[in-house]
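**Student:** Note that the sequence shown covers residues 2 to 187 in the numbering used here.
For glycine and all other residues, C-beta sits at the position ideal for the given N, C-alpha and C.
All values derive from a computational prediction rather than experimental measurement.
Sharing a structure below in structure tokens format, with a few things to ask.
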Amino acid sequence: MGRTIHVRSRHPLRAVAGLAVLLPALPGPVTPAAEAVPAAQLAGGPLALAAWRQARNRGSCAPQAFADTGEPAASPRRAYFSGGWAVAFDLPGRRSAFGIAGTGTAAPGDSELAQWPQQLSLDGGLAGYGLSGRAPYPADDPDGFGRESLAYVRLDGQGCLYNVWSQLGRAHLQRLLQQLRPVALP
Numbered sequence: 002m003g004r005t006i007h008v009r010s011r012h013p014l015r016a017v018a019g020l021a022v023l024l025p026a027l028p029g030p031v032t033p034a035a036e037a038v039p040a041a042q043l044a045g046g047p048l049a050l051a052a053w054r055q056a057r058n059r060g061s062c063a064p065q066a067f068a069d070t071g072e073p074a075a076s077p078r079r080a081y082f083s084g085g086w087a088v089a090f091d092l093p094g095r096r097s098a099f100g101i102a103g104t105g106t107a108a109p110g111d112s113e114l115a116q117w118p119q120q121l122s123l124d125g126g127l128a129g130y131g132l133s134g135r136a137p138y139p140a141d142d143p144d145g146f147g148r149e150s151l152a153y154v155r156l157d158g159q160g161c162l163y164n165v166w167s168q169l170g171r172a173h174l175q176r177l178l179q180q181l182r183p184v185a186l187p
């Protein structure tokens, strides 16, 4: 079952006001979501689960992975992320081409997500995204291929900020967000 994604255009509280029903996630114990997927069925799932088990934030930041990355040649690996866990995907000639991290930072509120040039409403969450540094995509390169696209993601029931990134452009970042799934806890 896929996730519904709605792109919301720029900016401030007017664009986010319609999302008032999406409350900030509260820290608390991680419980497997009903739609959690076994790690072996997800790209990087076993690595996300292994990294999460050793992370300081495992009580408030459930492991997530991608149902499909759209990049069959990508090689996942555990990546260091202070206070949390991460899985980066390498492509031939491009290290950390994309990935996901459950950070040691608290889940972002609506105002923090509204600082990004674009917002996406996900089933069970909300993302603010753009180029790294909260920059918009330039008119002469609206997909941002080769630049670091970054999303701050808040997922319902989780107390952490998730980062999803891609150097393969805006469309790829959006695909990753659509393919984000909770990893089932054994």
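1) Compute the beta-carbon to beta-carbon distance between Trp-86 and Ala-63, rounded to the nearest angstrom, for a pair I have assumed lies under 8 Å.
2) What does the alpha-carbon distance come out to for the pair Thr-104 and Gly-129?
3) So, is Ala-74 buried or exposed, given that buried needs 16 or more other C-beta atoms within 10 angstroms?
4) In its own chain, which residues sit with a C-beta less than 8 Å from the C-beta of Tyr-81, not counting the 5 before and 5 after it?
5) Could you tell me how far apart the beta carbons of Cys-161 and Ala-107 are, in whole angstroms, since I believe they sit closer than 8 Å?
6) Check this for me: beta carbons of Leu-92 and Glu-113, under 8 Å apart or not?
7) Between which residues of its own chain and Leu-43 is the CB-CB distance below 8 Å, once the five residues before and five after are set aside?
8) Between which two residues does the beta strand (DSSP E) carrying Ala-51 extend?
9) Pick helix, strand or coil for Val-22, following the three-state DSSP scheme.
10) Is Ser-76 helix, strand or coil when you go by DSSP?
11) Specify, as a first and last residue, the run of the beta strand (DSSP E) that Gln-119 falls within.
12) Helix, strand or coil, according to DSSP, for Leu-186 in the structure here?
13) Starting from Gly-103, follow its DSSP beta bridges and name the residues at the other end.
14) Identify whether Asp-111 lies in helix, strand or coil by the three-state DSSP scheme.
15) For Pro-143, is the classification buried or exposed, using 16 other Cβ atoms within 10 angstroms of its Cβ as the cut-off for buried?
**Tutor:** If we stick to the structure as given:
1) Actually they are not in contact, since the Cβ atoms of Trp-86 and Ala-63 sit about 10 Å apart, beyond 8 Å.
2) Note on geometry: alpha-carbon atoms of Thr-104 and Gly-129 lie some 15 Å from one another.
3) Exposed, because fewer than 16 other Cβ atoms sit within 10 Å of the Cβ of Ala-74.
4) Ala-87
5) 7 Å between Cβ atoms; contact.
6) For Leu-92 and Glu-113, no; Cβs fall outside 8 Å.
7) Closer than 8 Å at the Cβ level, and outside the excluded window around Leu-43, lie Ala-49, Ala-66, Phe-67, Ala-68, Arg-182, Val-184.
8) Counting along the chain, Ala-51 falls outside any beta strand (DSSP E), though it belongs to the alpha helix (DSSP H) covering 46-55.
9) Its pLDDT being 28, under 50, Val-22 is placed unreliably in this model, and the coordinates cannot settle the point.
10) strand
11) For Gln-119, the enclosing beta strand (DSSP E) stretches over residues 119-123.
12) coil
13) Trp-86, Tyr-163
14) helix
15) exposed
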